[in-house]
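Okay, structure first, notes after.
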Amino acid sequence: ILRPRNAWILFRNEMLDRVPRLPDGSRQPMADASKIISAWWKQVSPEEKYRYELQAEQEKEEHKRKYPNYRFQPK
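The sequence shown begins at 27 in the working numbering and counts up one residue at a time.
So this is what it looks like as C-alpha coordinates:
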(Lines of atoms letter the chains of each structure in order from A and count residues from 1; the text may use other names and numbers.)
(Lines give C-alpha, C1' and ligand atoms only; values in the text may rest on other atoms or scores of the structure.)
Protein backbone atom coordinates (compact mmCIF):
# COMPACT_ATOMS: atom_id res chain seq x y z
CA ILE A 1 0.00 0.00 0.00
CA LEU A 2 1.44 3.35 -1.02
CA ARG A 3 1.34 6.38 1.25
CA PRO A 4 -0.98 9.23 0.23
CA ARG A 5 0.71 11.93 -1.84
CA ASN A 6 1.69 15.20 -0.19
CA ALA A 7 1.31 18.71 -1.70
CA TRP A 8 4.84 18.72 -3.15
CA ILE A 9 4.36 15.36 -4.89
CA LEU A 10 1.04 16.48 -6.36
CA PHE A 11 2.67 19.66 -7.69
CA ARG A 12 5.68 17.74 -9.01
CA ASN A 13 3.49 15.24 -10.86
CA GLU A 14 1.49 18.05 -12.43
CA MET A 15 4.58 20.01 -13.50
CA LEU A 16 6.72 17.12 -14.76
CA ASP A 17 5.57 17.48 -18.38
CA ARG A 18 6.46 21.20 -18.32
CA VAL A 19 10.14 20.58 -17.59
CA PRO A 20 12.18 21.43 -20.69
CA ARG A 21 13.40 18.39 -22.58
CA LEU A 22 17.02 17.70 -23.42
CA PRO A 23 18.33 18.70 -26.89
CA ASP A 24 17.79 15.14 -28.16
CA GLY A 25 14.12 15.33 -27.11
CA SER A 26 14.41 12.98 -24.15
CA ARG A 27 13.26 13.85 -20.64
CA GLN A 28 15.57 15.33 -18.05
CA PRO A 29 16.87 12.84 -15.46
CA MET A 30 14.41 12.70 -12.54
CA ALA A 31 16.90 14.29 -10.13
CA ASP A 32 17.38 17.28 -12.46
CA ALA A 33 13.64 17.57 -13.14
CA SER A 34 12.95 17.59 -9.39
CA LYS A 35 15.47 20.41 -8.90
CA ILE A 36 13.78 22.50 -11.59
CA ILE A 37 10.31 21.82 -10.18
CA SER A 38 11.56 22.55 -6.66
CA ALA A 39 12.62 26.02 -7.80
CA TRP A 40 9.14 26.53 -9.28
CA TRP A 41 7.53 25.32 -6.03
CA LYS A 42 9.44 27.98 -4.09
CA GLN A 43 7.89 30.65 -6.34
CA VAL A 44 4.30 29.42 -6.05
CA SER A 45 1.99 31.75 -4.14
CA PRO A 46 0.58 30.64 -0.77
CA GLU A 47 -2.89 30.56 -2.35
CA GLU A 48 -1.72 28.17 -5.07
CA LYS A 49 0.14 25.98 -2.55
CA TYR A 50 -3.05 25.84 -0.49
CA ARG A 51 -4.82 24.23 -3.46
CA TYR A 52 -2.26 21.41 -3.45
CA GLU A 53 -2.33 21.11 0.34
CA LEU A 54 -6.11 20.81 0.25
CA GLN A 55 -5.93 18.09 -2.40
CA ALA A 56 -3.26 16.26 -0.37
CA GLU A 57 -5.47 16.42 2.72
CA GLN A 58 -8.39 14.99 0.74
CA GLU A 59 -6.19 12.12 -0.48
CA LYS A 60 -5.01 11.53 3.08
CA GLU A 61 -8.58 11.30 4.37
CA GLU A 62 -9.59 8.96 1.54
CA HIS A 63 -6.53 6.81 2.31
CA LYS A 64 -7.60 6.63 5.98
CA ARG A 65 -11.08 5.47 4.94
CA LYS A 66 -9.73 2.81 2.59
CA TYR A 67 -6.97 1.57 4.88
CA PRO A 68 -7.96 2.31 8.49
CA ASN A 69 -5.21 0.15 9.99
CA TYR A 70 -2.44 1.40 7.70
CA ARG A 71 0.85 2.35 9.32
CA PHE A 72 3.84 3.49 7.30
CA GLN A 73 6.68 1.01 7.66
CA PRO A 74 9.90 2.03 5.91
CA LYS A 75 11.80 -0.90 4.46
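Where is the CB? At the ideal position from N, CA and C, for every residue including glycine. Please read all numbers here as calculations on a predicted model, not as lab measurements.
Here the C-alpha atom of residue 30 lies approximately 9 Å from the C-alpha atom of residue 84. For residue 95, there is no enclosing alpha helix (DSSP H), as DSSP marks it with neither H nor E.
In the assembly as shown, residue 47 is an exposed residue. Its beta-carbon has fewer than 16 other beta-carbons within 10 Å.
The residue from 53, 68, 88, 95 with its alpha-carbon nearest to that of residue 34 is 68. For the set 43, 37, 53, 92, the Cα lying nearest the Cα of residue 71 is the one of 37.
Fully enclosed beta strand (DSSP E) runs of no fewer than 3 residues are not present anywhere in the segment 37-63.
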